[in-house]
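First residue of the sequence shown? That's 26 in this note's numbering, and the numbers climb one at a time after it. For reference, the structure is listed below as structure tokens.
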Amino acid sequence: MNIRRAEPKDLTKIQQCNLHNLPENYHMRYWAYSFITWPEVSYLAEDSSGRVVGYVLSSIEPDEQFPWLQVGHVNSLSVLRTYRRLGLAKRLMLLSQKAMIDSYNIEYIQLHVRKSNRAAFTLYRDKLGFQIHRKEVGYYGDGEDAYSMRIVLKPQS
Ligand code: ACO
């Protein structure tokens, strides 16, 4: 297994993995924009044939309330079914988090997860230390609620 930064040339393979694993899909333009704008913070895992079996897509955005503060966002994370429970998602998340902290002056890292997504929620809360920031009612296209989760890196004033 090879884990490395995602690059624009990986776009199609990452999108395949995303389409397999999640109903939340992004337009190719968004993937490309992210890789070019924040090249340090998205990672992938590939097998020996070069197939992408897992990825994390992250970005850096302004804080909603205090737009002069920068926030790390984990926009999409997934691992192909046959490669799950091997620690891949955790490794991808830790690499992305480290890159966000090292390369940008971020205050906290944020993500959204479906209320029913036990696997991802457990990973975020129990293995990575995210906490529920708030519940967002009807956040997803099918009406499911999301937990907005965060890891705060700097003391909030
Ligand atoms: N049930 C309960 N806990 C789980 C499960 C599960 N099915 N899967 C992972 N975890 C937790 C466990 O604590 C696990 O540690 P352990 O194996 O020592 O018990 C820990 O997460 C780390 O697991 P990893 O092996 O690193 O996770 P994996 O590589 O299997 O990927 C993921 C987890 C990404 C959630 C995978 O199941 C997946 O791709 N699911 C479909 C897509 C998805 O839901 N993505 C997240 C959407 S939210 C977002 O993108 C911001």
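We put the CB at the ideal spot given by N, CA and C, even for glycine.
Kindly list the residues whose CB is nearer than 6 Å to the CB of asparagine 46, restricted to its own chain and excluding five residues on each side of it in sequence; keep chain order. Ser103
Assuming lysine 160 is part of the beta strand (DSSP E), what are its boundary residues? 156–161
Could you tell me whether any non-hydrogen atom of ligand 1 is closer than 8 Å to the CB of glutamate 132? no
With DSSP run on the structure shown, which of helix, strand or coil describes alanine 70? strand
Taking Cβ to Cβ, would you say valine 78 is nearer than 9 Å to tyrosine 108? yes
Using 8 Å as the cut-off, classify the Cβ of aspartate 72 as near or not near the heavy atoms of ligand 1, replying yes or no. no
Is serine 128 near valine 66, with beta carbons less than 9 Å apart? yes
Where does leucine 153 fall in DSSP's three states? coil
With the cut-off set at 9 Å, would you say alanine 124 and tyrosine 68 are in Cβ contact? yes
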